[in-house]
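Engineer: My questions will all concern the structure given below.
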Amino acid sequence: MRKRLQLLATVLVLAAATPTMAQTVVCFTDAFGFNYLIDVNRTAPKYWEISGSIELDGPGFPAWPISGYGDMANNDFFMTWGPNPSPDGCVTAVDA
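This is the structure we're talking about:
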């Protein structure tokens, strides 16, 4: 839960710097060393939709697709990972 709140805060604070209903690209590396490339699209006041990718397997491996939203009016944040693009047989990742 703390991890989700930190991610939400990072993405939305950076996106909130865009005052118009526009798309912003946010790139950062979390405490675990995973690289995030997230498109943040502000679709309404206090509401953002996100999509992009996370390099969970490291450089040189396909990035995992992500999508989600941030709804600050209702204190809600949701992000989901897509299927593992790597041939290692894993279907989920846990970042805890």
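Every letter in the sequence shown is one number past the one before it in this note's numbering, and letter 73, counting from 1, is 85. We treat Cβ as the ideally placed atom computed from N, Cα and C, and that holds for glycine.
1) Please name the residue or residues paired with leucine 49 in a DSSP beta bridge.
2) Please work out which residues of its chain come closer than 7 Å, Cβ to Cβ, to leucine 17, disregarding the five sequence neighbours upstream and downstream, and give them in chain order.
3) Taking the beta carbon of alanine 75 as the centre, do at least 16 other beta carbons fall within 10 Å, making it buried, or is it exposed?
4) Looking only at its chain, what residues have a beta carbon closer than 6 Å to the beta carbon of phenylalanine 73, apart from the 5 residues adjacent to it on each side?
5) State yes or no: is the C-beta of isoleucine 62 within less than 7 Å of the C-beta of glycine 45?
6) Could you check the C-alpha separation between aspartate 69 and asparagine 47 for me, to the nearest Å?
7) From Ser65, Asp88, Gly82 and Met84, pick the residue whose C-alpha is nearest to that of asparagine 96; which is it?
8) Given a cut-off of 7 Å, decide if valine 52 and threonine 41 are closer than it, judged by their beta-carbon atoms.
9) Let me check one thing: in DSSP terms, what residues is phenylalanine 90 bridge-paired to?
10) What residue from Gly94, Met91, Glu67 and Gly82 has the CA that sits closest to tyrosine 58's CA?
Structural biologist: In terms of the structure at hand:
1) Residue numbering aside, residue 49 sits at position 37 when the sequence shown is read from its first letter. According to DSSP, which records beta bridges pairwise, leucine 49 is partnered with Cys39 and Ser65.
2) Working through the sequence shown from its first residue, we reach residue 17 at position 5. Model confidence at leucine 17 stands at a pLDDT of 47, short of 50, so the residue's coordinates are unreliable; what they give is reported in the following sentence. Here the set comprises nothing.
3) To locate residue 75, count along the sequence shown from 1; it is residue 63. Answer is buried; the Cβ neighbour count reaches 16.
4) Counting from one through the sequence shown, the residue named residue 73 turns up at place 61. Cβ neighbours of phenylalanine 73 beyond the five flanking positions: Ser98.
5) For the purposes of this step, residue 62 is taken as the residue at position 50 of the sequence shown. For the purposes of this step, residue 45 is taken as the residue at position 33 of the sequence shown. The answer is no: Cβ separation not under 7 Å.
6) Counting from 1 along the sequence shown, the entry for residue 69 is found at position 57. Counting from 1 along the sequence shown, the entry for residue 47 is found at position 35. Computed Cα separation, rounded: 10 Å.
7) By 1-based counting over the sequence shown, the position of residue 96 is 84. Answer by Cα proximity: Ser65.
8) Position 29 of the sequence shown, counting from 1, holds the residue named residue 41. Position 40 of the sequence shown, counting from 1, holds the residue named residue 52. No, Cβ-Cβ distance for threonine 41 and valine 52 is not below 7 Å.
9) Indexing the sequence shown from 1 puts residue 90 at position 78. DSSP lists Tyr81 as partners of phenylalanine 90.
10) Taking the first residue of the sequence shown as 1, we reach residue 58 at position 46. Reading off the sequence, residue 58 comes out as lysine, not tyrosine. Residue Gly82 is the option with its Cα nearest to lysine 58.
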